[in-house]
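Read through the structure below, which is laid out as structure tokens, and then see the notes.
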Amino acid sequence: MNFEVYNRDLNVGSIRVLGVSSSSLLMVGDTQTIQLASTFDTPAESLIIGPFVPLTPE
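Here's what the structure looks like:
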């Protein structure tokens, strides 16, 4: 695969991100290194702490 990049002038005033899908990357300008990170936006009430219910074979 041949990948050619032509750098041109780019002016970004502001960026507003309203939501993120399951996997997203937002790049503006030249990027020498990309570092990946992960966060979860899970509400506290969805966390269930308690005894596990054992699964029985059918």
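Residue numbers (this note's numbering): 73 to 130. Here a beta-carbon is modelled for each residue, glycine too, at the ideal position from N, C-alpha and C. Being a predicted model, the structure only gives us computed values, none of them experimental.
For the pair residue 84 and residue 101, the CB atoms are nearer than the 9 Å cut-off. DSSP places residue 76 outside both helix and strand once states are collapsed to three, so it counts as coil. Closest by C-alpha distance to residue 96, out of 123, 74, 80 and 108, is 108. From the listed residues 92, 73 and 103, the smallest Cα separation to residue 79 is found for 103. One Cα belongs to residue 73, the other to residue 81, and the distance between them is close to 26 Å.
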